[in-house]
Amino acid sequence: MNESQFPAPGAAAAPDTPPATPATENPAPTAQDTPAAGGAYSAPTGEPYGGYAAPASSEAVAPTVIVTKKGPGWGALLGAMLLTVGLTLGALFYVRPAMLRASTPTNLNGGTVATVPASSDATDWTAVASAVSPAVVTIQAQGASSGSTGSGVIYDAQGDIVTNYHVISSVLTGGQIQVTLADGRLYAARVVGHDKTTDLAVIRLDNPPEDLTVARFTTSSTLQVGAPVMAIGAPLGLSNTVTTGIVSALNRPVEVSMDEDSASQDQTQASSDLVITNAIQIDASINPGNSGGPLFDATGAVIGINSSIKSLATSSDGQAGSIGLGFAIPSDLVVSVADQLIASGSASHGMLGVTVKAATATVGSDTYVGAEIQEVTSGSGAAIAGLRVGDVILTVEGQEVTSPKQLVGYVRRYRAGDTVTMTIERNGQTQDVSVTIQ
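Following numbering that gives the first Met the number 0, the numbering of the sequence shown begins with 0 at its first residue and continues without gaps.
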């Protein structure tokens with residue numbers, strides 16, 4: 000398996016009353032960032048212009064109204080005044096539409112992507128893309144000797160962004176990160192925390208704007224194979240690229256990072272120090288540059304972070320291309336790790352305390368694949384729960400264990416202190432065991 004990381008104009012007034020002249024002013028300028036020579040963005044200067052100045056107050060001349068005994072009553076007078084005010088405001092907004100935009104909240108739901116209503120027909124991807132795109136960013140990381148381009152998703156209103164570890168790893172020993180929002184605004188960012196084990200990292204914008212659109216995360220535990228999904232990112236540097244597809248498989252064990260001395264290790268074995276994620280497999284096209292970008296469901300909620308692809312070969316420039324086998328880190332794991340990184344800068348992972356290898360187990364007339372325990376660490380959660388050498392672990396919380404790596408991927412989802420139920424085979428019989436992860 001070759002898995003590649005990749006990085007309406009106003010109407011005339013009544014004849015007897017001269018119309019009030021609308022106050023106009025020149026539109027306020029907007030701020031634009033332009034790329035420096037060579038296509039690289041220069042560092043942002045100052046704070047991006049985030050809105051329009053309030054319109055200057057105007058002295059409108061009040062219409063002269065003569066009330067006679069046979070003339071219109073107070074009701075008609077009030078109606079005329081309201082009409083005059085309405086026409087004046089209409090003319091102002093017609094001349095200065097920016098005033099109307101400034102009065103409309105950017106985020107109608109308080110800064111979080113709104114839920115796209117579910118449809119019994121085909122998914123409305125146009126509505127989903129419109130709702131979620133503002134929460135997706137493009138990341139450029141430049142270290143001393145190397146750099147990368149990837150994607151990310153806005154996690155909270157203080158400017159925290161979730162991405163892949165391998166997108167920002169080049170700047171961990173020095174360098175700079177620049178983030179481009181969906182509307183083109185450019186910001187510098189810094190690393191808040193990173194976790195190579197899960198290929199996740201959190202960066203934070205310097206002086207983030209107040210109008211950030213924050214993504215909405217949902218649980219990945221209820222995902223089903225065949226569910227529609229949308230990926231957004233910057234494949235090959237093409238920002239705001241949208242692709243769609245379905246969930247092809249769940250709990251697919253993928254090594255997202257590996258030490259050099261692990262390359263020659265027997266791949267039929269696994270221990271808890273290997274770097275493995277039980278990923279969401281998708282057929283939506285993702286390529287280098289999609290790394291760290293979000294995977295959305297049909298309601299616009301994030302269900303994963305795109306991280307890697309399986310490829311048959313590399314292109315002439317050394318980069319692998321999509322063949323419809325992409326992998327995303329499940330959102331439940333993303334949220335768990337991101338919250339820890341924001342709180343402390345690092346993330347802890349649960350340990351089961353066993354070394355396992357691929358094996359089969361026979362129960363009655365049925366044979367199952369699983370992970371056979373080769374060694375149990377003294378004092379570990381596995382030892383305290385009574386697991387023994389020779390036991391074959393068949394399921395974790397009802398999810399089938401089809402390989403040692405998949406078992407490691409399951410354990411990675413839990414924190415120390417969590418209790419999980421495992422089904423094991425021992426002496427031809429199955430039994431459930433509750434194990435506290437350490």
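Just so it is clear, CB atoms sit at the ideal spot from N, CA and C, and this is done for glycine as well.
Just so we're clear, the structure is a prediction, and the values are computed from it rather than from any experiment.
By the 10 Å Cβ neighbour count, where 16 or more other Cβ atoms means buried, how is residue i classified, buried or exposed?
i	result
LYS404	buried
ILE167	buried
ILE138	buried
ILE365	Position check: residue 365 holds Asp in this sequence, whereas Ile was assumed. Burial call: exposed.
THR418	exposed
ARG189	exposed
ALA283	buried
GLU209	exposed
ASN426	exposed
ALA53	Annotation note: pLDDT 41 at ALA53 (below 50); position unreliable, no value reported.
ALA415	exposed
GLY151	buried
GLY387	The question names Gly, but residue 387 in the sequence shown is Arg. ARG387 is exposed by the Cβ-count criterion.
ASP296	buried
GLY438	Past the edges of the chain, shown from 0 to 437, lies residue 438, and the structure says nothing about it.
GLU254	buried
ASP182	exposed
LEU237	exposed
Residues in the same chain with beta-carbon distance under 7 Å from residue i, minus the five sequence neighbours each way, listed in chain order, please.
i	result
ALA327	ALA278, ILE279, ILE281, LEU294, GLY303, ILE304, ASN305 and SER306
ARG412	ASP331 and LEU332
THR394	VAL400, MET421 and THR422
Are the Cβ atoms of residue i and residue j separated by less than 8 Å?
i	j	result
GLN430	ILE423	yes
VAL112	VAL131	yes
VAL228	ALA337	no
GLY299	THR114	yes
THR221	ALA230	no
GLY320	SER335	no
VAL353	ALA384	no
LEU406	VAL355	yes
ALA134	ALA214	yes
ALA233	THR148	yes
GLY158	LEU211	yes
VAL434	ALA360	no
ALA370	SER402	yes
SER219	PRO287	no
MET421	ILE392	yes
PHE216	VAL127	no
ASP194	TYR154	no
VAL136	THR179	yes
Which partner residues of residue i appear in the DSSP bridge assignment?
i	result
GLN141	GLY146 and GLN175
THR435	THR418
ASP365	VAL362
ALA188	ILE176 and LEU204
GLU399	THR394
GLY325	ILE281 and ILE308
Please report the residue range of the alpha helix (DSSP H) in which residue i lies.
i	result
TYR164	164-167
GLY408	403-411
ALA230	Where ALA230 is concerned, there is no enclosing alpha helix (DSSP H), although the beta strand (DSSP E) it sits in stretches over 227-232.
ILE507	In the structure as shown, the chain begins at 0 and stops at 437. Residue 507 is therefore absent and cannot be evaluated.
ALA382	380-384
ALA117	Looking at the DSSP string, ALA117 is not in any alpha helix (DSSP H), and its letter there is neither H nor E.
ALA200	Not the alpha helix (DSSP H): ALA200 falls in the beta strand (DSSP E), residues 199-204.
THR125	124-131
I need the boundaries of the beta strand (DSSP E) containing residue i, first residue and last residue.
i	result
THR242	240-253
GLN157	Note, GLN157: premise wrong, no beta strand (DSSP E); not H, not E.
GLN280	276-281
VAL391	391-395
PRO293	293-295
Among residues of its own chain, excluding the 5 on either side of residue i, which ones have a beta-carbon nearer than 8 Å to its beta-carbon?
i	result
GLY192	ALA200, VAL201, GLN339, LEU340, ILE341, SER343, GLY344, SER345 and ALA346
Say yes only if the C-beta of residue i is nearer than 7 Å to one or more non-hydrogen atoms of the ligand FMN, and no if none qualify.
i	result
GLY385	No copy of the ligand FMN occurs in the structure displayed, which carries no ligand at all.
For residue i, which residues of its own chain have a beta-carbon under 6 Å away from its beta-carbon, when the five flanking residues on both sides are left out?
i	result
GLY408	PRO252, ILE275, THR276 and ASN277
GLU374	THR354
GLY325	ILE281, ILE285 and ILE308
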